Each structure stands twice: as structure tokens, then as C-alpha cells.
Amino acid sequence: MIEIPKKYKHREAEERWARQWEDWGIYRYDPSCTREQTFAVDSPPPTVSGSLHVGHVFSYTHQDLLVRYQRMLGKNIAYPMGWDDNGLPTERRVQNVFGIKCNPHLPYDKDMVFNLGEAIEKDAGGKKKGTKEQKEVSRLNFIEACAALTSEDEKVFEGLWRHLGLSIDWTLAYATIDERCRKTSQKSFLDMMAKGRVYHAELPTAWDTGFGTAVAQAEMTDKEIDGKFHDLQFDVEGGGHFIISTTRPELLGACIAVVAHPSDERYQPYFGKTAVTPLYKAHVPILASEHAEPDKGTGILMVCTFGDSADVEYWRKSNLPLRQLIGRDGRILPVDYHAEPFQSEDPDAANAAHAQLAGLFVKQARAKIVELLREAGKLIGEPRPIKHAVKYYEKGEFPLEFVTARQWFVRILDAKEELLAKARQIKWHPEFMRTRIEHWIDGLQYDWCISRQRFFGVPFPVWYRIDDNGTPDYEHPIVATEDMLPVDPMSQAAPGYEESQRGIPGGFMADPDVMDTWATSSLTPQIVSHWADDPEQHAKLFPMDIRPQSHEIIRTWAFYTIVKAWLHDNDIPWKHVIISGWILDPDRKKMSKSKGNVITPEHYLDDYSADAVRYWSSRARLGADTIFEEQLFDAGRKLTTKLFNASRFVISQLDSDTDGRERWTKEYVTEPLDRALLARLRSAVIDATEAFNRFEPASALQTAENEFWDFCDNYVELVKRRSYEAEDTPGRRSAKAALNIALRIFLRLFAPFLPYISEEIWSWRFAASAGRERSVHTSPWPTAEELTLGQAEEGEADNGHGNVYVCATEVLSQIRQSKTLAQKSLRWPVAKLLVQGEAKDAEALKQVLTDVLLAGSAENAEVAIKEGQPAEGARFMVDVTLAESENSAE
RNA sequence: GGUCGUGUAGCUCAGUUGGUUUAGAGCACCACGUUGACAUCGUGGGGGUCGGCGGUUCAAGUCCGUUCGCGACCACCA
Numbered sequence: 013m014i015e016i017p018k019k020y021k022h023r024e025a026e027e028r029w030a031r032q033w034e035d036w037g038i039y040r041y042d043p044s045c046t047r048e049q050t051f052a053v054d055s056p057p058p059t060v061s062g063s064l065h066v067g068h069v070f071s072y073t074h075q076d077l078l079v080r081y082q083r084m085l086g087k088n089i090a091y092p093m094g095w096d097d098n099g100l101p102t103e104r105r106v107q108n109v110f111g112i113k114c115n116p117h118l119p120y121d122k123d124m125v126f127n128l129g130e131a132i133e134k135d136a137g138g139k140k141k142g143t144k145e146q147k148e149v150s151r152l153n154f155i156e157a158c159a160a161l162t163s164e165d166e167k168v169f170e171g172l173w174r175h176l177g178l179s180i181d182w183t184l185a186y187a188t189i190d191e192r193c194r195k196t197s198q199k200s201f202l203d204m205m206a207k208g209r210v211y212h213a214e215l216p217t218a219w220d221t222g223f224g225t226a227v228a229q230a231e232m233t234d235k236e237i238d239g240k241f242h243d244l245q246f247d248v249e250g251g252g253h254f255i256i257s258t259t260r261p262e263l264l265g266a267c268i269a270v271v272a273h274p275s276d277e278r279y280q281p282y283f284g285k286t287a288v289t290p291l292y293k294a295h296v297p298i299l300a301s302e303h304a305e306p307d308k309g310t311g312i313l314m315v316c317t318f319g320d321s322a323d324v325e326y327w328r329k330s331n332l333p334l335r336q337l338i339g340r341d342g343r344i345l346p347v348d349y350h351a352e353p354f355q356s357e358d359p360d361a362a363n364a365a366h367a368q369l370a371g372l373f374v375k376q377a378r379a380k381i382v383e384l385l386r387e388a389g390k391l392i393g394e395p396r397p398i399k400h401a402v403k404y405y406e407k408g409e410f411p412l413e414f415v416t417a418r419q420w421f422v423r424i425l426d427a428k429e430e431l432l433a434k435a436r437q438i439k440w441h442p443e444f445m446r447t448r449i450e451h452w453i454d455g456l457q458y459d460w461c462i463s464r465q466r467f468f469g470v471p472f473p474v475w476y477r478i479d480d481n482g483t484p485d486y487e488h489p490i491v492a493t494e495d496m497l498p499v500d501p502m503s504q505a506a507p508g509y510e511e512s513q514r515g516i517p518g519g520f521m522a523d524p525d526v527m528d529t530w531a532t533s534s535l536t537p538q539i540v541s542h543w544a545d546d547p548e549q550h551a552k553l554f555p556m557d558i559r560p561q562s563h564e565i566i567r568t569w570a571f572y573t574i575v576k577a578w579l580h581d582n583d584i585p586w587k588h589v590i591i592s593g594w595i596l597d598p599d600r601k602k603m604s605k606s607k608g609n610v611i612t613p614e615h616y617l618d619d620y621s622a623d624a625v626r627y628w629s630s631r632a633r634l635g636a637d638t639i640f641e642e643q644l645f646d647a648g649r650k651l652t653t654k655l656f657n658a659s660r661f662v663i664s665q666l667d668s669d670t671d672g673r674e675r676w677t678k679e680y681v682t683e684p685l686d687r688a689l690l691a692r693l694r695s696a697v698i699d700a701t702e703a704f705n706r707f708e709p710a711s712a713l714q715t716a717e718n719e720f721w722d723f724c725d726n727y728v729e730l731v732k733r734r735s736y737e738a739e740d741t742p743g744r745r746s747a748k749a750a751l752n753i754a755l756r757i758f759l760r761l762f763a764p765f766l767p768y769i770s771e772e773i774w775s776w777r778f779a780a781s782a783g784r785e786r787s788v789h790t791s792p793w794p795t796a797e798e799l800t801l802g803q804a805e806e807g808e809a810d811n812g813h814g815n816v817y818v819c820a821t822e823v824l825s826q827i828r829q830s831k832t833l834a835q836k837s838l839r840w841p842v843a844k845l846l847v848q849g850e851a852k853d854a855e856a857l858k859q860v861l862t863d864v865l866l867a868g869s870a871e872n873a874e875v876a877i878k879e880g881q882p883a884e885g886a887r888f889m890v891d892v893t894l895a896e897s898e899n900s901a902e
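Numbering-wise (our numbering), the first sequence opens with residue 13 and increments by one.
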């Protein structure tokens, strides 16, 4: 018999159970099960280099609730965990921590070792001195450094997940840079290539000058910033002039046309003529275009290559030349205006003016050109401050520029309808989130740019021939064969070539880029299902059941995953998407590192217990943002404590260590009150089950919790004295059996939410020595059948007899109220009790009267139950007369 | 400007297809209480014209229209 402790020590219990669950292997996925027996979760791989905060705990708990429910239903669970370690945040951290920077042209140094502890120490010291010397290393070495760092970050996350009680199968863990993921990602690329879905092209692409890389549409975001309107005077050839208001005067040298709306009478006379740009004195056409709005600025605007996406659009449709003015590093490029096809009246002057801008960063160049324009008398008035929204890379510091570069694209614009159909085939929870993806797909403007000019990521499995003149042949890439995957073209020679031929005329070169991190993380279902190496396994897990994620990455992660599943399997990646809301700080702002309002979760787990933190997470409705409120942890802890104490009471009423599991069955439940309890529990179980089936665990918790508190406050008090009876009567047996059954139900209802305390209590008297019921978490989810007493009783319970419970609690409550108002203790005896109510209620009350009287210390009272009008708004009119003294009942 | 969501007690939130004549919970607040599971507790109490206006209905927190506030996403951003 297990000794039951007086106090619950959550830290000790959490450690013990986390270990035990691992030893038992109860979270292990069984690959031999069929698809129908399996419940597969496409859990989000967190960016390990990001900050860890309570929002993580919140959303990961949500998936675990659904998983635990499905496990109790008997499903074989595939609940993996991945780490997204590709991408810019990792690179940035590695550069800082190790003081290195990647030079992809360097050869791999296989003796280079990265000592993390030392590096972090150095990093801390180095920062103080402000030294920024960065040693150059090869790409492979750089990747090794990234891996060394991320594996440390992963340990921190894993530790937290385990403590939180996430029922992850850790043998299914993956990292987006590991061999299998690289292979999957490269195979995906090859498959898309074979299907004609990828192409590469030299196109103007959104570019972050800070990171020096292309950026996809989904990663762009608007920022409201301060800007200035500059009124510039343009002359018209043959006479006349007009004013253009621009926020970007530094792009003047890239102006290739000016446009006004076709209906704009002010400019109609100029259409077809040529304008002369100030300073550069370039001749540019004056054209009509629908996209110019007459009432904005002066109604006429510059088309530059490139100021914004509208310029790109316009340039693409026109046959105008391209004058790239901004370099990849965000500096103004040197340009020779003598060169064609640019016509300047005075190329020397243009060159002289431009020479003062070349090499400057955009902001500096803007200040400089304002000076030049002012001197030239072409700046009309002073710049006027305005606020305007500008596109940024979501992680970037500078406004995006458009830079022409060779990029890889996935062709998706022609497939909007098919993608929409797939998105609609998936069930979204909450349902309104579906419109977000629909709008996103509908509004797509660009194909998906998947190449990044970075180092830490999955390389393209592609090489190019170099002809005898040393020019790469981009049009006929050499593609890796599947057996080579994963391949690093930087260190492995192209098929048919020797390593010695790298980079020389007649030889080959590797594609220098890596894939965007989303190109790999969009394959998480395929990674987990072994699409790349085990088709049979793939069929057993794909499409998956649920994708839990938050709403801000619908347009990226969810969308790209849908794209890939469609491309590779012409299928949906999962049946359900479960969207969690955000955690907001008390000012209703999203918690994020940049805002500095991040709250870390570890100490809450220590202070309040993992169950308490999970309780807080579990309360949130799906998709709804939640304000962080520490007091809810307290509510969770309170519930845990209550469960502990109530269970101690119930178990004290049983006798030996197998009683809970085997002896006190529903056949003993004969008393009306106890039967009514079971009827209540039955409907609670039905409600909670339905809520879980709707993917609304918060509602299931609410149901279980309400029922449980009522059980403690009312039922336990009503039945206590009967259960304490010295003699073994049917009433006493009925009480014990009902208490036992109720507790077994509650423990299983709470198990998904509060895994530690429910397992702890389960182990006292209910756990079997083997099989499913060894752990509460593999025990069968409670069913209505367990609580059904037979057809006759069921009918009984639903009609008149359902009331006995409510009638009993109401009268008990009235007795309590009288005592409280009289400032007497609750065990103060009652001398007289008069109850008046409708016939059916009076009848119901009579059936449970003994329990009520005992619970209200009214067993010696003079009692009268009459038919008649109840009190207003109540079931009964109750008149309580308390005894004169505590010892007398007269 | 477009779309979606949201507005219920001081705070955080429930309220399922309109229907227990008087809208719930937790926290906070007030009062009382050493009852054999529980003082990390128990019992009881005060507190809301359900954002505003209009409509449908025997009946509206719930449905419709309109308007205001808040949040998010998208578009524009010369």
C-alpha cells in the first residue's frame, strides 16, 4: 500500500514522474500501427535561437492537451519535436558568440573546433570592450559552429518541454539542419524541378541591405516611419515644368520615366514629351499610367529602378531601361552616365553630381542630394515631414530595397485556385482563421523566392558549368541525383567533374546560395513521415491529423506547407489546423523580444508547478489572445491542491490498495443522492468529450472543473457522514462506491490538463501493475457507459431524480447561510427546519433528507417539508432556526 | 481604404442552435468560521441598464441594421 503524503510537493513529483514516463515509454510512437490507429501531430519546430517565453509554454500546452486526449482514446500518437535552427537569427548569434564570419570561398578546416562555454565567456568579455574582430571561416565550419550553438539551445528547450509535461516522443526529434532534413529539403527541390515548378531568374527582388539577402513576400512587414516630401522641379523639353513630390530624392539618378494619370488635365499636354531630371539632366519620357493618383502629391511621380514594388511592376511591363542605383550593401553604386542607354544632356554634370553620392548609404545620400538640389535651385521650398508606411523585412533594420539578382523561385502564382481548394479542404479551428489564408492566397503577387544569399541553411543541390571563357552557364544547371542527397555542392564536386575543376574555365561552380528557412520548415510533415526515405512510413503518417500553430505564421508556415504538400503529393498536409492566440502583456501588446516585455516561464514552473502553468494555458479559448495574468497560476495551484486533498479523503474511505480499481463498483450505488451524482458526472463526461472532439479543450476543462468544485463543496459534504458510518450498511457502501467512481472519473478528466497531480493520485490506489491502466495517461478516457446505471435509472435520473442533487445542495446552502449570518460555525446544530416548495421538489428532497440533515448538523432538528410557494427565484422557502447552544439541539 | 476578430462585474474571462420569471466563474473586496480531505482553507455577501442607437420576436447578452472603441491581417504608401 502506498503511503499517502500529507502535503503535495510538486517539484519532487514532477521529477519523479517525468523520469517514470520516460522509463515506461508511454509516449512512444509505434510505427507498426495503421494510419487509422494513429494520431499525428505536426508540431511547430521553434526557432531555438529566439527568446523563450511564456507564449511558447502556452501554445505547446494546447497541442499536448489534444494529444493526451487522443492517447487516452487509445490512439497511437506520433508527437515529434523539431528545432528550427536555420536562418538569420542563428547566424547572427554565431557571429557574436564565436566571433567568426563566413567566407564561402575558404576551404573547410577540419581541425577547427568550437568550444561553446569558452566562446560565451569570451563573448561576454568581448562585448564590454566593444571588439568586433571576426575571424573568417569556411561555410562548412560556419555551419558546424551553428550546429554547436543550436544544440545547446535545444537542450534548454527540451528541458523546459519535459518539465512542462509535454508528451513528446523524443525519439522522433529532428533539427532542420540535420541530415534527414537537408535530404528532405533537397529532394523537395529536385521534385519541384522535375515538375517544372522551380525556375531561377535575374529579377528585381525585395532585398534587405542589412542582412544582404533576398526576402520573400511573406516575410515583409510594414513600418510607419518618419519621412519627408521633397518638391523637385522637372523641366519639360520644349518648354514648361512641373513639380514632383518625392520621399526618395536620392533615387533621382535611377529615374527612368515620370507618370501621371491619363485623365489628369494638368499633365495631359505633356504626355509623349520628354522631361529633364534635375541635376542629372537626363531625358525621361512623360507617360500616362493608371497607377498614378491625381490627388496624391502633385499627381505626377517618378518611376525609378527601384523605389518600390509599383516601380518594379511598371518597369516589368514597359520596355524602359534599368538603372540599378542601390547596391546590395545599401550604398549608392557608382554609375557612369556617359554609358548608354541613359541620355543626359550633360553627362559630365550628371557624373559630377553622382560622384558625390556614390558610396554613401541611402540616408546619407538623401541628405547630400538635398543639398545639391538646393544649390541647383531645383528644390522648391523645404522638405515637409510626413509619416508613411514603408516595407521592411520583418527582422530587418532598414527599409527594403529592390535589387536585381539571380534567385530561385517556386512558381505558385498560376496555382492560386488549386491552393485555395486545398486550404479549404483543411478544417480550421477556429473556423474564421480560414479566411486569413484565403485572403493571403488570393492576394499573392510574387512567386515564392526561396534563395537566400546566406550561409547557414540547406544549399541548393545545383552546380553550373563554367565555359572556356570562365563564364558560368546558369541556363543549364547540373542537378544532383537523388542518391547524392544530402549534398553540399560547395564541398562536393558536380557529377562528372573532379574537385580540381572547381571554379576554373571548363570546370564547374556550386550554386552559392542557401534555401530560405521556410523551404525546409514547410516540409515538417514530410520530415516526420520519412517522405524522402521510406514511402511506406510516409503513407502511415501523411496527411497528418493536426497542425497547431499561432496565427501570425499562417501566411508563412501554414501556407508554404500547404504549397509543398500540394506540389509533392497533390494532397493536404493535415486535416486540421489549430490556431493558438498570443500572450499579451498587461498593456495588450504582444510579447516579443524587441519590445522587451518578454516573461520567461521557468520560474513559474518552479514556483507554481507545471500543472498550474498548464492550467493557465488550458483556460484560453482557441485563437483568442490572452492577457498574461499571474493570478491564474494561483488558481491552477489551488485546483491542484484541492484535487490532492479531496483525493486523500476519498481514498481514506476505501480500504486497501486495490479497492479503488476493483471493489467499489457502480453496482453498490443505490442511494438517490449517489445515483444523481453519477448522472451528473455522466453528462459532464459527455460534455467534456464533445468539447475535445471539437478541439476545444478549454471548454472540457471548464466542465470538469465546475463539476469537481461542486463535488467537493456539496457532494462530499452531503455524503461524508454516511460514508463515516461505523456499520457496513448499503448506504455506506453506496457512498464509498460513488466517491470512488467519481474520483476515477475526475482524475482522467483532468489528466490531459494536470498530468502530474493526476498521475500522482492515480498511483495511490488506481494504477494497475501493467497494461493501459498502469498510467492514468494511457488509461481509457471516461465514457458515459461507465456511469450508466441501467435504463430505468437513467430515465429516473434525467427526470425527477436529477433534482435530488440540486434540491439537497440548495437546502444545505440555505442552512449554511443562516449559520454564517448568525456568525455561528457551520457545525452549529439546527433546532428547526421548515422547507416549503413545489410538490416534485418536496418529493425529491424527502429522498435525500437524511444526507441533508446530517450535512447541516440538523439531524436532531424538528423538520417540516411542505408543499407550497417557494421563495422568489429559489426552489424552496427555507426557514432555519438555530439551536440555543452548540451542544443542544432543542 | 478592405477583411477578420473583439467589446459582459474593479481585473481576467465563460455564456453552445434566442427561452430556468432575478446574466455566471475566478481574482480582488467585505463579513463570518480552528467542522475528523483541505487555513496554499471553508461559508456567506456586495458589485453588471451585457459599448451606443434602432429593428425582428411572445421572448435578445445571443439574430438583423447602424454607429463608436480596441486588436490583427491585407492593400496603398510618389
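By construction, the Cβ of each residue, glycine as well, lies at the ideal position given by its N, Cα and C atoms. On a predicted model such as this, the values are computed, not experimentally measured, just so you know.
In chain order, what residues of the same chain have a beta carbon less than 6 Å from the beta carbon of residue i, not counting five sequence neighbours either side?
| i | result |
| --- | --- |
| A703 | S711 and A712 |
| L689 | Y727 and A750 |
| T893 | A843 and K844 |
| S592 | S71, H74 and S562 |
Could you name the residues of the same chain whose beta carbon sits closer than 8 Å to that of residue i, not counting the 5 residues immediately before and after it, in chain order?
| i | result |
| --- | --- |
| L535 | C193, T196, S197, S200, W543, T573 and K576 |
| N811 | Note that N811 scores a pLDDT of 44, beneath 50, so its modelled location is shaky; the value from the coordinates is reported in the next line. Same-chain partners within the cutoff: there are none. |
| D10 | Here the chain covers residues 13 to 902 and nothing more, so residue 10 does not appear. |
| G515 | I478 and M521 |
Output yes or no for whether 8 Å exceeds the beta carbon distance between residue i and residue j.
| i | j | result |
| --- | --- | --- |
| S775 | I14 | yes |
| T456 | D623 | A small fix is needed here, since residue 456 is Leu in this sequence, not Thr. Taking 8 Å as the Cβ cut-off, L456 and D623 do not qualify as a contacting pair. |
| C267 | A294 | yes |
| F694 | L799 | One point to set straight first is that residue 694 is Arg, not Phe, in the sequence displayed. In this structure, L799 lies closer than 8 Å to R694 by Cβ. |
| T183 | P57 | no |
Take the Cβ of residue i as the centre, count every other Cβ of all protein chains shown within 10 Å, and call the residue buried at 16 or more, exposed below.
| i | result |
| --- | --- |
| K140 | At K140, the pLDDT of 44 sits below 50, so the modelled position is not reliable; the number obtained from the coordinates is stated separately. So K140 counts as exposed. |
| K678 | buried |
| V296 | buried |
| K147 | exposed |
| Q835 | exposed |
| H175 | buried |
| E26 | buried |
| Y186 | buried |
| D495 | exposed |
| D512 | Reading off the sequence, residue 512 comes out as Ser, not Asp. Exposed, by the Cβ-count rule. |
| H350 | exposed |
| R777 | buried |
| W36 | exposed |
Using only CA atoms, which one of the options lies nearest to residue i?
| i | options | result |
| --- | --- | --- |
| P524 | D495, S163, P471 and I566 | P471 |
| V818 | A780, N726 and D891 | N726 |
| E406 | S695, S61, E564 and R694 | E564 |
| E717 | N815, Y627 and A738 | Y627 |
| F888 | S897, A228, V823 and Q829 | V823 |
Taking only three categories from DSSP, how would you classify residue i?
| i | result |
| --- | --- |
| E822 | helix |
| N609 | coil |
| E487 | strand |
| R23 | helix |
| H542 | coil |
| P547 | helix |
| Q561 | strand |
Beta-carbon within less than 7 Å of residue i's beta-carbon, same chain only, minus the 5 sequence neighbours each way: which residues are those?
| i | result |
| --- | --- |
| R914 | Residue 914 lies beyond the residue range present for the chain, which begins at 13 and ends at 902; the question has no answer from this structure. |
| A851 | E879 |
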